[in-house]
Amino acid sequence: MLFVYFLASSAGAHSTLVSSFPSANSTVVDFPMEVMLTFNEELLKVGQENPNKVEVFDESGALVSGGSVLSGASIAAPVGINGNGAYTVKYRVVSKDGHVIEDSYDFQVQSPIAISAPIKEEVVSIPSSSPIPITSALVLALVIGLITLIKSLWK
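In this note's numbering, the protein residues as written are 14 to 168.
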């Protein structure tokens with residue numbers, strides 16, 4: 014009787030998230046190359062169609078992850094994270110019984126080697142109002158130097 018109850022209760026169960034990397038509410042110091050979620054049972058795949066997805070968004074709401082890859086009970090997505098801050102993982106998966114599970118969680122990146130915004134270079138400009146452009150002045154100096162050298166060698 015207990016065996017029949019166990020079979021009936023497990024048949025109606027839906028997929029639940031067992032582990033994730035990065036984990037919910039964690040702070041990581043290395044930039045993750047991918048986000049991976051693992052569930053307690055295989056996720057649904059219909060032929061070549063994958064109704065499951067995981068996406069990662071930065072603080073501004075920009076998508077920083079690529080396409081989702083399903084492998085049994087795990088789903089992963091490559092991420093392009095190169096800065097510190099808060100990130101949100103949103104997922105939508107379908108359990109074997111067809112039940113849709115949607116949820117999200119946050120994690121932080123606090124790396125000592127964070128890539129910051131590009132540093133603006135200061136451009137030094139030379140006024141074009143000079144009587145002789147710089148390249149002409151350099152050519153003239155070179156010619157005068159060569160003439161002086163040739164004269165000193167002929168003596």
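Backbone N, C-alpha and C fix where the C-beta goes; we use that ideal spot for every residue, glycine too.
All values reported here derive from a predicted model rather than from experimental measurement.
Supposed contact pair residue j and residue i - C-beta distance, whole angstroms, cut 8 Å
| i | j | result |
| --- | --- | --- |
| Ser108 | Glu72 | Contact doesn't hold; Cβ gap of about 31 Å is too wide. |
| Val102 | Ile88 | Contact flag wrong, Cβ pair sits at about 11 Å. |
C-alpha distance - residue i paired with residue j, whole-angstrom precision
| i | j | result |
| --- | --- | --- |
| Tyr2 | Asn65 | Any question about residue 2 goes unanswered here, given that the chain covers just 14 to 168. |
| Asn95 | Phe120 | 14 Å |
| Asp116 | Gly60 | 25 Å |
| Ser28 | Ile126 | 37 Å |
| Ala86 | Ser39 | 22 Å |
| Val77 | Val67 | 11 Å |
| Gly80 | Leu155 | 59 Å |
| Asp110 | Leu56 | 9 Å |
| Phe70 | Ala90 | 12 Å |
| Val152 | Glu47 | 56 Å |
| Ser32 | Val92 | 18 Å |
Backbone secondary structure at residue i - three-state DSSP
| i | result |
| --- | --- |
| Ser149 | helix |
| Thr29 | coil |
| Val107 | strand |
| Val42 | coil |
Cβ neighbours of residue i in the same chain (closer than 7 Å, five flanking residues each side left out)
| i | result |
| --- | --- |
| Ser124 | Val42, Asp43, Phe44 and Asn97 |
| His112 | His27 |
| Lys58 | Leu83 |
| Ala99 | Glu72, Asp119 and Gln121 |
| Phe52 | Ser28, Thr29, Leu30, Val31, Ala86 and Val106 |
Identity of the residues DSSP links to residue i by a beta bridge
| i | result |
| --- | --- |
| Ile89 | Note on identity: in this sequence residue 89 is Ala, with Ile being the wrong assignment. Note: Ala89 sits in a beta bridge opposite Met49 and Val82. |
| Glu62 | Val59 |
| Phe70 | Leu76 and Thr101 |
| Glu115 | Arg105 |
| Val156 | Partner(s): none; Val156 has no beta bridge. |
| Gln121 | Thr40 and Ala99 |
CB contact check: residue i to chain C, cutoff 8 Å
| i | result |
| --- | --- |
| Met49 | Annotation note: the requested chain C is absent from the structure, which comprises a single protein chain. |
Contacts around residue i, its chain only, beta-carbon distance under 6 Å, and the 5 residues preceding and following it disregarded
| i | result |
| --- | --- |
| Leu162 | none |
| Met37 | According to the sequence displayed, residue 37 carries Ala and not Met. Cβ neighbours of Ala37 beyond the five flanking positions: Tyr118. |
| Phe34 | Met49 |
| Asn63 | Leu83 |
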